[in-house]
Amino acid sequence: MFKKVLIANRGEIAIRIMRACRELDIRTVAVYSEVDKNALFAKYADEAYPIGPAPANQSYLNMDNILDVAHRTGAEGIHPGYGFLAENPEFADRCSKEGIRFIGPTSQAIESVGSKIAAKKIMAAAGIPVIPGSDGGISDPDVAFDIAESIGYPVIIKASAGGGGIGMKVVRKNDEIIPTIESTQRVAKSAFGDATVFIEKYLEEPRHIEFQILADSFGNTIHVGDRECSIQRRHQKLIEESPSPVMTHELRERMGTDAVKAAAAINYTNAGTVEFLYSQGDYYFLEMNTRLQVEHPITEVVTGVDLAKEQLRIASDEELSYKQEDIQQRGWAIECRLNAEDPLNNFTPSPGKLRRYRSSGGPGVRVDSGVHTGYTITPFYDSLISKLTVWGRDRNEAIERMKRALYEYIIVGVTTNIPFHKAVMNNEYFRRGELTTHFIEDHNIISEVEKIVEAEKEKGATLASALGAEDKKVAAITAAVGAYIQKGTR
């Protein structure tokens, strides 16, 4: 097992990895940008070192600075968390060449599925269902027209190197093909440095279902159950649950088997996620994320498997702690991503200082966070405040527990998406498990958010007034104590 690990990330995921390390008696090294100097994760680590200014490309994406700290501190491994360098094959390769264990898959595995086109070809060859569409990149209008007509409209144009919904546009008729290809190519080139785009059949009412996988270097690969991630804004997840409401034992067996086959097809090791789109009884490979997912807590809660610890064990050349028959999903878990963003303004980020912060607690509640009262949500990184995960014996209990946990949160100083989460938990379609990736638009959730925000204005004003009075009282007491001390020292 490692004696010291560097975490090349920040915020709640850095703390999550450090907690796993601490339980395994592994010392941790944090790296931080200038604006994160006093962040909780930097204080939690055994050691912490600056790596550059606030912009990510000068700090958390600066491979030279991160590797320099790893060498100076004697870190044997680097855990990338998610985002930043987590799925960068060059970084994984540099770690390997410089004698530092990258706690994740090999650079070859990352690269093999880094292109959506390449990944789709690999999975099709392995016998895994893929969405009908082009076999490779397209630029010729005649070819694009032929493909679209053969698979039928609507179709979707995607960036091969894309992610997070960037570079995706739906086309419903012939005269939209050429302008959409051209605009998507421009976006792809700007965002990813690769203008390659391809065409797929557009599924009208899909669900987003994924399977967590674990694989060691001894040939053992298992899946750790399913997650539903259909509640999204701009193709980015906001609410996840495990298991999926649509899942049956037979469907889990089929999809789980294909997830394991997907990992084997690229000689995968460590933790990863195979994502599928599910529509009208059929499922199709979407992509593979070669890292620990943001939503991994719901899998941990329902299975009891500590995914972060398994990552560390696998990277230390140990065998998996579990066999497939050991994995049992018990009860139901839901995760809400609580962000500093305004759902009434197209979920625009709302950076600022947290004047007050209190998370929820109690039975069946888990909070993954890296913030505190006085912490500033900066505009340089994502706006995540905390991940709120609840467990219940069944889905209904999990929903009711999430409603209670959301009620308990106190966040003052920034606009949050908590009213959005409350609206979803109360929505009759969500409660029935009738989900699609277009859920927010299909059920006019924002209008329900407006009602909740309006109803809570009075409560918010009362809270702000009380906190303001408390601030004045504290200031007065502090001044009085200061005057007394000063008087006593004369």
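Under the UniProt record's numbering, read the sequence shown as residues 1 to 490, first letter to last. Heads up, the beta-carbon is just placed ideally off N, CA and C, and yes, glycines get one too.
- Nearest C-alpha to G52 among P379, N62, E200, E205: N62.
- Excluding sequence positions up to five before and after Y268, its CB lies within less than 6 Å of the CB of P105, A109, A215, all in the same chain and listed in chain order.
- Sixteen is the threshold: when 16 or more other Cβ atoms of the shown chains lie within 10 Å of the Cβ of V274, as they do, the residue is buried.
- Between I213 and T221 the beta-carbon gap is near 6 Å, inside 8 Å, which marks them as a contact.
- Taking C-beta separations shorter than 7 Å and ignoring five residues to either side along the sequence, the partners of H443 in its chain run N427, Y429, following chain order.
- Counting along the chain, the unbroken beta strand (DSSP E) around Q212 starts and ends at 207 to 215.
- The way I'd put it, the segment 335 to 349 does touch the segment 381 to 389; three or more beta-carbon pairs between them come closer than 8 Å.
- Among the bridge pairs identified by DSSP, L312 is matched with none.
- Proximity to A70 across A20, F91, N57 peaks at F91, based on C-alpha coordinates.
- Within 10 angstroms of the beta-carbon of S447 lie fewer than 16 other beta-carbons, which makes it exposed.
- For G272, the enclosing beta strand (DSSP E) stretches over residues 270 to 279.
- Distances from the alpha-carbon of F276 to those of F380, L292, F211, G167 put F211 closest.
- Look at the segment 280 to 362 and you find these whole runs of alpha helix (DSSP H), each 4 residues long or longer: 296 to 303, 307 to 315.
- Assignment of Y44 by DSSP, reduced to helix, strand and coil, places it in the helix class.
- By the Cβ criterion, the segment 192 to 201 is in contact with the segment 138 to 157, since at least three pairs of Cβ atoms, one from each stretch, lie closer than 8 Å.
- DSSP places M168 within a strand segment (E or B) once states are collapsed to three.
- Beta-carbon to beta-carbon, I209 and Y284 are separated by about 10 Å, too far to satisfy the 8 Å threshold.
- In this structure, Y375 is the residue among Y375, D394, V301 with its C-alpha nearest to the C-alpha of V414.
- Inter-residue distance for H421 and N396 is about 16 Å (C-alpha atoms, whole angstroms).
- The Cβ atoms of A14 and A30 lie closer than 9 Å to each other.
- Along the length of the segment 39 to 124, whole alpha helix (DSSP H) runs at least 4 residues long occupy 40 to 44, 63 to 73, 89 to 97, 107 to 112, reported in chain order.
- In this structure, I166 and A191 form a Cβ contact; the two beta carbons are roughly 5 Å apart against a cut-off of 8 Å.
- If you keep only unbroken beta strand (DSSP E) runs of at least 3 residues inside the segment 384 to 454, you get 384 to 392, 410 to 412.
- In the DSSP assignment, H223 forms a beta bridge with I213.
- Under the three-state reduction of DSSP, D194 is assigned to coil, being neither helix nor strand.
- Less than 9 Å separates the beta-carbon of Y44 from that of T28.
- In this structure, the alpha-carbon of T373 lies about 15 Å from that of D36.
- Going by C-alpha positions, P179 is about 10 Å away from Q185.
- Rounded to whole angstroms, the gap between the alpha carbons of Q329 and D394 is 11 Å.
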